[in-house]
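Read top to bottom, the protein sequences are chains A and B. Sequential numbering from 509 applies to the first sequence in the working numbering. Sequential numbering from 509 applies to the second sequence in the working numbering. Idealized CB from N, CA, C, for every residue including glycine. Input: a single structure, listed below in structure tokens.
Protein chains: 2
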Amino acid sequence: MANRLRIIPLGGMGEIGKNMTLFEYGRNILIVDCGSMFPENDMWGIDLVIPDFGYLRDKFEQVRGVILTHGHEDHTGALPYLLRETSLTIYCTRLTRGLVEVKVDRAGIRNRANLQTIQAGERLRLGPFDLSFFSVNHSIPDGIGLAIRTPVGNVVHSGDFKLDLGAGLDSQLDLAGLAQLGGEGVSLLMADSTGAERPGFTPPERVVEDTFERIFAEAPGRVIVATFASLLSRVQQVIDVSARHNRKVAVEGRSMADNVAMAQEMGYLRIPPDTLVDIRKANSLPPSRVTIVATGSQGEPRAALARMAAGTNRQIEIRPDDTIIVSAQTIPGNEEMVNRIINQLIQRGANVIYGEMAQVHVSGHGSQEDQKLLIRLLRPRYFMPIHGEPRHQYQHARLARQMGIPPERILIMQNGDVLELGEETAEKGEPISQAEVFVDGAGVGDVGPAVLRDREILSRDGFVVAVVSLLPGGQAVGGVQIVSRGFVYLREAEDLLQRMRAEAMRVAQAGPLTDRSISERVQRGLESFLLQETGRRPMVIALVTT
Amino acid sequence: MANRLRIIPLGGMGEIGKNMTLFEYGRNILIVDCGSMFPENDMWGIDLVIPDFGYLRDKFEQVRGVILTHGHEDHTGALPYLLRETSLTIYCTRLTRGLVEVKVDRAGIRNRANLQTIQAGERLRLGPFDLSFFSVNHSIPDGIGLAIRTPVGNVVHSGDFKLDLGAGLDSQLDLAGLAQLGGEGVSLLMADSTGAERPGFTPPERVVEDTFERIFAEAPGRVIVATFASLLSRVQQVIDVSARHNRKVAVEGRSMADNVAMAQEMGYLRIPPDTLVDIRKANSLPPSRVTIVATGSQGEPRAALARMAAGTNRQIEIRPDDTIIVSAQTIPGNEEMVNRIINQLIQRGANVIYGEMAQVHVSGHGSQEDQKLLIRLLRPRYFMPIHGEPRHQYQHARLARQMGIPPERILIMQNGDVLELGEETAEKGEPISQAEVFVDGAGVGDVGPAVLRDREILSRDGFVVAVVSLLPGGQAVGGVQIVSRGFVYLREAEDLLQRMRAEAMRVAQAGPLTDRSISERVQRGLESFLLQETGRRPMVIALVTT
């Protein structure tokens, strides 16, 4: 197998290879990205979902390095968990490094990470992998894609990308570099599918700024812009437009404030002197001189925007002359929360601009024409759509066929699938064993389907615990105590509680007085009693004490 | 107050007056609609949300009748709960009556409902209310709006409506009737705001049929159409297109099958002979001769489409030559589930058509131009946007201002607000006390915020119950039993369990041996022990037995 390159996408839940991709050649492993996902609504109580490191665990000494394509959580968020298990050399651009440093410092594992700064245009040799990096446009500066030259051919991994001809040179899709790679010959292109359902090119960020100009010009009072804390280019636009309209800018929300401070210090935000003010200062200015940029565009209940909507933000009270811009796309699963906040803000009289009403957001991912451009420049022999869900992979594969790549050279992978790339071949090997790994509090991987199923039941109807006391000697039942939460409001259901006790008592005595026999009888008896009385199915547990 | 008409929108959660509106004149009450809502994702375990009948409760004898505008759940679903409390005369069109009969029969309260069939064009006097009904287009046939002539003026309530000039005459917006009402003079228009964010007219249903024609013509195998069980016009289109393409139609999903049978019997579906087949018969035909119309367009986990996607539908196995159309708009909160199902179907190789890819669905609600048409025809003195959320009300109010209604005559209500309409005036009175009423199993209104908060906590980290036994005489602690669910998988956490027991034992003994003192100590002790050990906050309860 030494003459095969093995490529394994991992993590990202429904999104293929979003969080991590392994490249394995002989006894050499290259890791691209190490990110985490936020849980879906039915992953009860889970804080994060990270890739399964099981396949790597007995091969850590083969890892030649980790390349991070950019600084977003879904590409860096699992690093602290991987670094707990092994020390690693991590290669990333300057801004990404700034963000990762904060992360590893917080986790107290800075000493496990050997951080190396790379930049687009550089070349780097890691074992058999001869790498070069090219800049891409994305919704955070300093993003890269990479070319991996291997003995079996050249592989290009796009990272998250789009084309935006109006961006600064340091964050622009490197068309010349891509054309040169295309000339060298590309065996396999792995490209970002996220935007494959959108026709056309993704509009340039500039259109958002134009929209902001119009909105700011008409706003009678404050302008409040909610967006992602990591969307630094949007923050820059808010600052630029505010400065032109003679407004001071206050930053609300801890993650936004941290990012702005870090990006300003590293030179990724250009902020005119005296433009940033704290919120107290902003509150002392005329509303028409104030902009607030805030977290909470996804409806996160504890973020700045949700608190403003609910009237629980101590510093910011929404007024009828406020103009509020929700400058973000709602991530599936968050619609209900975002919707509720928009309604609350409107009920407070504010002018809220969101969704399709005006172009207040553009995606960080390329649309169909961006994707076709990449294929045209690189002319790969094989094509692998990555980073999207199956629906995006499928559309991206259609585009690739339209661009002349024969269907048998289009490789639709799932997480854990293994592509074995030879000089003339690309075949799927035996998939590796992997699963989504749940982080819950301090626990990693200790919450599985059984616990989640219990949480789901508890979320619906709560629980009832019946404690049956046997009299000394264990020859008779002494009494029953009932405790319950999330089932009915027991203070108002004293009658039901008494009948539950009586029923448990009756059932407990109606058979052998062994612990196990009593608890089984009481559990089943109460379950059917409660179903009949209330139509509900709380989780019932019976315990026996002597 | 006898010379004032009081108008009170109720129910519908965020949507104003969606489920119910009260009209009160002197000691006479007219009820329009009596519907229910599906709960939002954070209404843990709740089955239905219904309007608060508290205000009506000591006035039931004043109710002159209930008018149902159409047969959808959000306009009829709470009837069984209101009929539990009082007998009522209910006026509705023929199809609506058919649907309501099924509902009251199932609830076993047919004898409480005096059902009266009305039809568009009819006039009906109920106490001081002189009513007439006009037909509207909506996504179910036989929908009506109503004009309420009262001593203080004429009120028009649009019901859910849109304009579709291609629909059958019995279900078409009655332009002539509306023009005539406009000529009579309209004091107040209460109009459906749901589509107020969409520019233009809502496209006619016909465009969906044209899309179906193209898809059916190209489909190599079966066509599977998922839509709402109540969307009979869509089912009719599927049947018509199937017949033209020589396909038999099988109906999957109980609610869809019930509705199709009822609508066919009542003449609301025109089905050519031998077109409907059962699924077994369909499975014996060549795939290119088969259409399946199914429930599950909202991603409901137990509905037909979800089972096909998961591979658990016993009769229907998805094949790569299947063409699947998701003919519905995703209701906010359901996106994650719908998305997952689309991905699963694509991974099974099917060609899935959804969302913006092709016009496979149109809304049942009017867009901005439909709404303007209604205002133009009726030229009301006062305007009240209803049936939408605040964001829709707000946009609808903007339209009304554009149409020349002065802002002070545009009445933005919340549920429970009271409009007092006089001959020359419209003023808000004291709001009535009302809340969302939760139905959970057999219980109505017995689950409130406290129980929901407990369910939320349980859904995140589960619970731990510690039972502390005192030795006979109560002078010493005998032992501790721990039971827990949804917290950690205890079989794999034996060590943690032992330490929990030891900690509970230690804390129990570290103070006075009264029940209350022990249980408080053990609860707090375990909470902080578990937070430190696991980073989680399960609900902890301590019980003492002697």
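Could you check where the alpha helix (DSSP H) with residue i kicks off and where it finishes?
i               : result
R633 of chain B : Here R633 of chain B belongs to no alpha helix (DSSP H); instead the beta strand (DSSP E) covers 631-634.
D829 of chain B : It is not in any alpha helix (DSSP H) - D829 of chain B carries neither H nor E in the DSSP assignment.
D766 of chain B : 762-774
Measure the Cβ-Cβ separation of residue i and residue j and say whether it is below 8 Å.
i                : j                : result
A734 of chain B  : S647 of chain B  : no
T597 of chain B  : N622 of chain B  : yes
S643 of chain A  : S666 of chain A  : no
L1034 of chain B : E1002 of chain B : no
G994 of chain B  : G1019 of chain B : no
A984 of chain B  : V1030 of chain B : no
T594 of chain B  : D541 of chain B  : no
Q867 of chain A  : V716 of chain A  : yes
F891 of chain B  : R917 of chain B  : yes
R788 of chain B  : N754 of chain B  : no
R742 of chain B  : S835 of chain B  : yes
I554 of chain A  : V955 of chain A  : yes
T799 of chain A  : V731 of chain A  : yes
L907 of chain B  : L919 of chain B  : no
H895 of chain B  : G525 of chain B  : yes
G857 of chain B  : A802 of chain B  : no
L591 of chain A  : V612 of chain A  : yes
D668 of chain A  : L603 of chain A  : no
I652 of chain B  : A675 of chain B  : no
Can you tell me where the beta strand (DSSP E) with residue i in it begins and where it stops?
i                : result
R514 of chain B  : 513-518
P893 of chain A  : 890-894
I732 of chain A  : 731-734
F1037 of chain A : Looking at the DSSP string, F1037 of chain A is not in any beta strand (DSSP E); the run it does join, the alpha helix (DSSP H), is 1023-1042.
D786 of chain A  : Where D786 of chain A is concerned, there is no enclosing beta strand (DSSP E), given that its DSSP letter is neither H nor E.
E944 of chain B  : Note, E944 of chain B: premise wrong, no beta strand (DSSP E); not H, not E.
Which of the three DSSP states is assigned to residue i in this structure?
i                : result
S796 of chain B  : helix
A675 of chain B  : coil
V749 of chain A  : helix
M865 of chain B  : helix
F669 of chain A  : coil
L689 of chain B  : helix
R657 of chain A  : strand
I1049 of chain B : strand
K756 of chain B  : strand
S738 of chain B  : coil
Q852 of chain B  : helix
Q837 of chain A  : coil
V975 of chain A  : strand
I723 of chain A  : helix
Using a Cβ-Cβ distance cut-off of 8 Å, determine whether residue i contacts chain D.
i               : result
N851 of chain A : Given the protein chain composition of this structure (A and B), no chain D is represented.
Looking only at DSSP bridge pairs, what is residue i linked to?
i               : result
T933 of chain A : Paired residues: none, contrary to the question.
N536 of chain B : B:Y533
Y599 of chain A : A:I575, A:Q624
N662 of chain B : B:R657
Against chain B: residues of the stretch 574-591 of chain A by CB proximity under 7 Å: none
Which residues, in order along the stretch 807-840 of chain B, keep a beta-carbon less than 8 Å from a beta-carbon of chain A? P840
Please name the residues in the stretch 887-901 of chain B whose beta-carbon is closer than 7 Å to at least one beta-carbon of chain A, in chain order. E897, P898, R899
If you measure beta-carbon to beta-carbon, which residues of the stretch 1019-1046 of chain A are closer than 7 Å to chain B? T1042, G1043, R1044
Please identify, using Cβ separations under 9 Å, the residues of the stretch 964-990 of chain B that lie next to chain A, in order along the chain. E964, I965, L966, S967, R968, D969, G970, F971, V973, V975, S977, P980, G986, G987, Q989
By the 7 Å beta-carbon criterion, what residues does the stretch 730-757 of chain A contribute toward chain B? none
To be precise: take each residue of the stretch 852-881 of chain B, compare its Cβ to all Cβ atoms of chain A, and keep it if any distance is under 7 Å. Which residues remain? I854, Q855
Interface residues of the stretch 652-671 of chain A facing chain B [CB-CB below 7 Å]: none
Interface residues of the stretch 546-566 of chain A facing chain B [CB-CB below 7 Å]: E548, N549, W552, G553
Return the residues of the stretch 780-796 of chain A that lie within a Cβ-Cβ distance of less than 8 Å from chain B, sorted by chain order. none
What residues in the stretch 943-960 of chain A bring their beta carbon closer than 9 Å to a beta carbon of chain B? D948, G949, A950, G951, D954, V955, G956, A958, V959, L960
If you measure beta-carbon to beta-carbon, which residues of the stretch 996-1018 of chain A are closer than 8 Å to chain B? V996, Y997, E1000, A1001
Check each residue of the stretch 517-530 of chain B: if its Cβ is closer than 8 Å to any Cβ of chain A, include it; give the result in chain order. G522
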